[in-house]
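Input: a single structure, listed below in C-alpha cells.
2 protein chains.
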Amino acid sequence: MERYIFGVDVGGTTVKLGLFGEKGNLLDKWEIPTVKADGGAAILPHVAESILTKMAEKGIGEQELAGIGVGVPGAVDERGTLVGGAVNIGWKPFNIPEALQAYIKVTVKAVNDANAAAFGEMWQGGGKGANNLVAVTLGTGVGGGIVIDGRIVTGAVGAAGEIGHIHLEDGETEACGCGNKGCLEQYASATGIARLARRRLAQDGAPSILREGEVSAKSVFDGVKAGDKIAIEIATQFGAYLGKGLAVVAAVVNPEIFVIGGGVSKAGEILLSFVKPAFAQYAFPACRETGFALAELGNDAGIYGAAGIILL
Amino acid sequence: MERYIFGVDVGGTTVKLGLFGEKGNLLDKWEIPTVKADGGAAILPHVAESILTKMAEKGIGEQELAGIGVGVPGAVDERGTLVGGAVNIGWKPFNIPEALQAYIKVTVKAVNDANAAAFGEMWQGGGKGANNLVAVTLGTGVGGGIVIDGRIVTGAVGAAGEIGHIHLEDGETEACGCGNKGCLEQYASATGIARLARRRLAQDGAPSILREGEVSAKSVFDGVKAGDKIAIEIATQFGAYLGKGLAVVAAVVNPEIFVIGGGVSKAGEILLSFVKPAFAQYAFPACRETGFALAELGNDAGIYGAAGIILL
C-alpha cells in the first residue's frame, strides 16, 4: 500500500500545503490564505479542512496517511509545542499535534519553519545526500537551519541556527532588528546588501550603474554581472561578511555543506564566488573543504521539510 | 548483577583509566605511561593488560562488564575509527574498538578526547542535568566539545567544537597555531592571556604587580584578585573576546549551559564575572539567559565521558 504525507508551511500571508508520496515525491501543492483574525484561531481548522478535502478528492483514506508535518513561524520544542507563540500570525503557545489531531487522527509533527526548510533542502534539495548541513536563508533577514546527523537542531530555547545574529562588526553604529549592533544580518540580508550599497555610493562620486535606479540586492548582483566595479566592490564586502560568518559556523558544527537559499540567492552561482574565498580565508583549516550549494526547492523547501520529518 | 564500565583517556604522556559503576560512580582510577615508540603500537595492548589486571584484582568477570569507552587525541568517526590518526602519540588511522576487542571481548566505543571531556561534564560534572551543552577548555589552546540532545557532535570531518578557531579579530598581526590570524584561542587560552598581558604592559609604564614576576594567565587572575588595575584591564579584554566568541556559539547551537574548564578555569568564579557581561552584550536576545558553570571533573572529565558514552 502506497502511503502519503502532507507537508504544511504556515506563513504570515498564506499556508502552503503539499501532498507527498512516501519516497518524497511531491504529488500536488496548493495554498490557502492565513486568516490571522481572532489570534489565528481559524488557521489550523482551515488546514485540517483543506487536507480532508484533498484526501476525499484523491480518494486517500486515513489509514493510507503516514502523517502530517507542520512548519510554523516560531520556536517549537520536541513535543511539537509552540513554546513562545508565533507573533506574526497571532498564535499563543499551544501544542500543535494535539490541536490538529482533534480533526485528523494521524501522526502529526511540528517544527520551526526555517528548520523545516533546512531539512527539506537536505532531504530533497541542494543538500541531498548530506547528513550534516547548514541551510542559510538570505531574505529580508538572514536565517539558518542546522541539521546534524540527520536531525534538526533546535537548541535550548529554539534559538539554534540564528546565524543572522552572529556578531561580526565592532564598528557598526546602526542597530540590527534584534537590538544588537554588527550582526551578520546587517550585511548579508537583502536589506543589508542594499545598505552596504548605499553606504558605498555615498562615499564618493565614483560612476556606477547602481546610481541609475533603486538600489537593492538584485541591482547589486545585476551590476556585478554587467561588470560594474562598484557593484563588484559591494558584493566583495557582502561575501567577506558572509564567508567570515559561515567560517565561524563551520568551527562550531562542521557541516558537510552550506546550502544557500532565500531571495538573494536568486543571483545564482556568482553569489557563491564572492562567499567562498572569504570562507576559505577565515575557516579552520580542516573545514576549508566544506561544500557550498544553492538551495533548489525555493518556496517549497518548507513543505518538503515538514513532510520529511514524518519519515525521520 | 552490578555492571562495570572502564573509561580510558589516552593522552600524550599518560593514559588515564577509571573503573565506574553503572550509575556513573567512579570506583577506582589510575594511570599508565603512554609508550609512544613504534608508532604507539604498545599503547592499546598496555591498556588492555591494565584493564584485565584490574578486573582480576577486583574479581570482575567479563560478563559483568558493560563496556570500555576510549577517548583519544584525534578525530573519531561514528564507528570508532581514528580517521586522521593521532599525531602526538604516533597513531595512524585504525578502528579502535576492533583493535581493543582483540584483547577483551566487550562493547568498546571510541571518541575524541575533547568531546569525551564535554560529555563527562554533562554526565557527572558542571553540566549535570543539561541535555544541550558546550564545554570550553581554556588550556594551552582553547578547545570545545558540543553535546546536543545528549549526543556528542563530531561534524563532517571531526572538526565540530573547534571554537578556539572562531575568527574574532581582523586587526591581529600574529598567526594562530592553525595558521589563521585573530582566532579566539589567541586571546582566551593560557598563552593568549599571557600575550594580552605582555602587550598591555609594553604599552606604557603603568604600575602593576604583573611587572614583578613571570606573566601568566594565573598571575593575571591573581592580580585581579589583589585588585591590580592593569590585571583587571587584561582580564576584561580576555572576557570580551571569550564572551563575544561564546555569543556566536550560542547563536549557532543555543546550548542550555557553557561549562568552562581547563587550567585557566582554576581562577574560579571570578573568571566568569569577566565573560558573562560581554556574552550578554553580544548574544542574540533569546540566548542571553544561557547558563555558565565551571567544570567540576578536572582531569577526570575524559575518563568520565569515555565511560559515559557506553551508557548512551
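From first to last, the protein sequence lines stand for chains A and B.
No gaps in the numbering here: position 262 of the first sequence is 1667 in the numbering used here, and each next residue is one more.
No gaps in the numbering here: position 90 of the second sequence is 1495 in the numbering used here, and each next residue is one more.
Just so it is clear, CB atoms sit at the ideal spot from N, CA and C, and this is done for glycine as well.
(request) Could you please give the first and the last residue of the uninterrupted alpha helix (DSSP H) stretch that includes G1444/B? (result) Here the question's residue 1444/B lines up with position 39 in the second sequence. Looking at the DSSP string, the run of the alpha helix (DSSP H) that includes G1444/B is A1442 to G1445.
(request) With 7 Å as the C-beta to C-beta threshold (strictly closer), list the residues of the region 1576 to 1592 of chain A near chain B in chain order. (result) The residues in question are C1583, G1584 and N1585.
(request) Evaluate V1492/B with the Cβ neighbour count: other Cβ atoms within 10 Å of its Cβ, from every protein chain shown; 16 or more gives buried, anything less gives exposed. (result) Numbered from 1 along the second sequence, position 87 holds the residue referred to as residue 1492/B. Exposed, since its Cβ has fewer than 16 Cβ neighbours within 10 Å.
(request) For P1478/A, count neighbouring C-beta atoms within 10 Å of its own C-beta (all shown protein chains included) and say buried if the count is 16 or more, exposed if not. (result) Taking the first sequence and counting its residues from 1, the one referred to as residue 1478/A is at position 73. That one is buried.
(request) Please classify A1595/A: is it buried, with 16 or more other beta-carbons within 10 angstroms of its beta-carbon, or exposed? (result) As a working note, residue 1595/A is residue 190 in the first sequence. That one is buried.
(message) Using only the alpha-carbon positions, how far apart do G1534/A and E1469/A sit?
(response) Sequence index remark: in the first sequence, residue 1534/A carries index 129 (1-based). Sequence index remark: in the first sequence, residue 1469/A carries index 64 (1-based). If you draw a straight line from the Cα of G1534/A to the Cα of E1469/A, it comes to about 27 Å.
(request) Can you give me the start and stop residues for the alpha helix (DSSP H) that N1520/A sits inside? (result) Locating residue 1520/A in the first sequence gives position 115, where the first residue counts as 1. Looking at the DSSP string, the run of the alpha helix (DSSP H) that includes N1520/A is D1518 to Q1529.
(request) Please confirm if Y1687/A has its CB atom under 8 Å from at least one CB of chain B. (result) Here residue 1687/A is taken as the residue at index 282 of the first sequence, counted from 1. For Y1687/A, the answer is yes, since a Cβ of chain B falls inside 8 Å of its Cβ.
(message) By the DSSP assignment, the alpha helix (DSSP H) with A1721/B in it spans what residues?
(response) Outside the shown range of chain B (1406 to 1717) lies residue 1721/B, about which nothing can therefore be said.
(request) Starting from the Cα of D1575/A, find the closest Cα among G1587/A, C1581/A and N1704/A and give me that residue. (result) Here the question's residue 1575/A lines up with position 170 in the first sequence. Looking from the CA of D1575/A, the closest CA among G1587/A, C1581/A and N1704/A belongs to G1587/A.
(request) Anything in the region 1488 to 1507 of chain A with a Cβ closer than 7 Å to a Cβ of chain B? List those residues in chain order, please. (result) Against chain B - using a Cβ distance shorter than 7 Å - the region 1488 to 1507 of chain A contributes no residues.
(message) In this structure, how does DSSP classify C1692/B when only helix, strand and coil are distinguished?
(response) Position 287 of the second sequence, counted from the start, is the residue given in the question as residue 1692/B. Three-state DSSP puts C1692/B in a helix.
(message) Extract the residue ranges of the alpha helix (DSSP H) inside the region 1484 to 1514 of chain A, only unbroken runs of 4 or more that lie entirely within it.
(response) Correct list: 1501 to 1506.
(request) Leaving out five residues on either side along the sequence, give the residues of the same chain with a beta carbon under 7 Å from the beta carbon of V1562/A. (result) To locate residue 1562/A, count along the first sequence from 1; it is residue 157. A1480.
(request) List the whole-angstrom C-beta distance separating G1549/B from G1667/B, where the pair is believed to meet the contact cut-off of C-beta under 8 Å. (result) Counted from its first residue, the second sequence places residue 1549/B at position 144. Counted from its first residue, the second sequence places residue 1667/B at position 262. Approximately 11 Å separates the beta-carbon atoms of G1549/B and G1667/B; this is outside 8 Å, ruling out the contact.
(request) Using DSSP bridges, identify the partner residues of F1425/A. (result) Looking up residue 1425/A in the first sequence gives position 20. The partner list for F1425/A (beta bridge, DSSP) reads I1410/A and L1431/A.
(request) Taking only the alpha-carbon atoms, compute the straight-line gap between E1503/A and G1476/A and give it to the nearest angstrom. (result) In the first sequence, the residue the question calls residue 1503/A occupies position 98. In the first sequence, the residue the question calls residue 1476/A occupies position 71. Looking at the backbone, the Cα of E1503/A and that of G1476/A are separated by about 15 Å.
(request) At 8 Å on the CB atoms, spell out the chain B contacts of G1514/A, in chain order. (result) The count along the first sequence starts at 1 and reaches residue 1514/A at position 109. Sequence check: residue 1514/A is Lys here, not Gly. Correct list: empty, because the minimum Cβ distance to chain B is about 15 Å.
(message) For a contact defined as C-beta to C-beta under 8 Å, what are the partners of D1525/A on chain B?
(response) In the first sequence, the residue the question calls residue 1525/A occupies position 120. Looking at the sequence provided, one finds Gly at residue 1525/A rather than Asp. Result: empty, since nearest Cβ-Cβ is about 20 Å, beyond 8 Å.
(request) Kindly provide the ranges of any beta strand (DSSP E) runs that are 3 or more residues long and lie completely inside the region 1547 to 1578 of chain B, ordered along the chain. (result) With a minimum length of 3 residues, the continuous beta strand (DSSP E) runs that stay inside the region 1547 to 1578 of chain B are 1547 to 1553.
(message) Less than 8 Å between CB atoms is the rule here; does E1691/A satisfy it with respect to chain B?
(response) Position 286 of the first sequence holds residue 1691/A. For clarity, residue 1691/A is Ala in the given sequence; the question names Glu instead. Interface with chain B (8 Å Cβ-Cβ cutoff): A1691/A is included.
(request) For P1660/B, go through chain A and note every residue whose CB falls closer than 8 Å to its CB, in chain order. (result) Residue mapping note: residue 1660/B aligns to position 255 of the second sequence, counting from 1. Here the neighbours are G1560 and A1561.
(request) Leaving out five residues on either side along the sequence, give the residues of the same chain with a beta carbon under 7 Å from the beta carbon of F1731/B. (result) Since the displayed chain B opens at 1406 and closes at 1717, residue 1731/B lies outside it and no answer follows.
(message) Is H1570/A close to chain B? Criterion is C-beta to C-beta, closer than 8 Å.
(response) Indexing the first sequence from 1 puts residue 1570/A at position 165. Yes, its Cβ sits closer than 8 Å to a Cβ of chain B.
(message) Under 8 Å, with one C-beta from each stretch per pair, do the region 1679 to 1689 of chain A and the region 1704 to 1715 of chain A reach the 3-pair mark?
(response) Contact between the region 1679 to 1689 of chain A and the region 1704 to 1715 of chain A is absent, because fewer than three Cβ pairs lie under 8 Å.
(request) Report the three-state DSSP secondary structure of P1438/A (helix, strand or coil). (result) Here residue 1438/A refers to the residue found at position 33 when the first sequence is read from its first residue. Correct three-state label for P1438/A: strand.
(request) Using a cut-off of 9 Å between C-beta atoms, extract the partners of E1701/B located in chain A. (result) Sequence index remark: in the second sequence, residue 1701/B carries index 296 (1-based). None at all; the shortest Cβ gap to chain A is about 20 Å.
(request) If I'm right that L1505/A touches L1449/A with Cβ under 8 Å, what's the distance once you round it to whole angstroms? (result) Taking the first residue of the first sequence as 1, we reach residue 1505/A at position 100. Taking the first residue of the first sequence as 1, we reach residue 1449/A at position 44. About 6 Å separates the two Cβ atoms, so the contact holds.
(request) Please name the residues in the region 1638 to 1657 of chain A whose beta-carbon is closer than 9 Å to at least one beta-carbon of chain B, in chain order. (result) Those would be K1649, G1650, A1652, V1653, V1654, A1655, A1656 and V1657, in chain order.
(request) Give a yes or no on whether 8 Å exceeds the smallest Cβ distance from E1567/B to chain A. (result) By one-based count along the second sequence, residue 1567/B stands at place 162. With 8 Å as the cut-off, E1567/B counts as an interface residue toward chain A.
(message) Does N1537/A pass the burial test, meaning 16 or more other C-beta atoms within 10 Å, or should it be called exposed?
(response) Working through the first sequence from its first residue, we reach residue 1537/A at position 132. Burial call: buried.
(request) Go ahead and pull the three-state DSSP assignment for I1473/B. (result) Along the second sequence, read from residue 1 onward, the residue named residue 1473/B stands at position 68. If DSSP states are grouped into helix, strand and coil, I1473/B belongs with the strands.
(request) State the DSSP-derived secondary structure class of A1480/A, mapped to helix, strand or coil. (result) Your numbering for residue 1480/A matches position 75 in the first sequence. Looking at A1480/A - three-state DSSP - the assignment turns out to be coil, as it is neither helix nor strand.
(message) Quick check on the DSSP output: the beta strand (DSSP E) that includes I1448/B runs from which residue to which?
(response) Reading the second sequence from its first residue, position 43 is the one you call residue 1448/B. Taken as a continuous stretch (DSSP letters only), I1448/B belongs to no beta strand (DSSP E), being part of the alpha helix (DSSP H) at I1448 to K1463.
(message) Do L1487/A and I1501/A have their beta-carbon atoms positioned less than 8 Å apart in this structure?
(response) Counting from one through the first sequence, the residue named residue 1501/A turns up at place 96. Counting from one through the first sequence, the residue named residue 1487/A turns up at place 82. Yes; because the gap between Cβ atoms is below 8 Å, this pair is in contact.
(request) Could you check the C-alpha separation between L1742/B and Y1592/B for me, to the nearest Å? (result) The structure shown does not extend to residue 1742/B, since chain B is modelled only from 1406 to 1717, so the question has no answer here.
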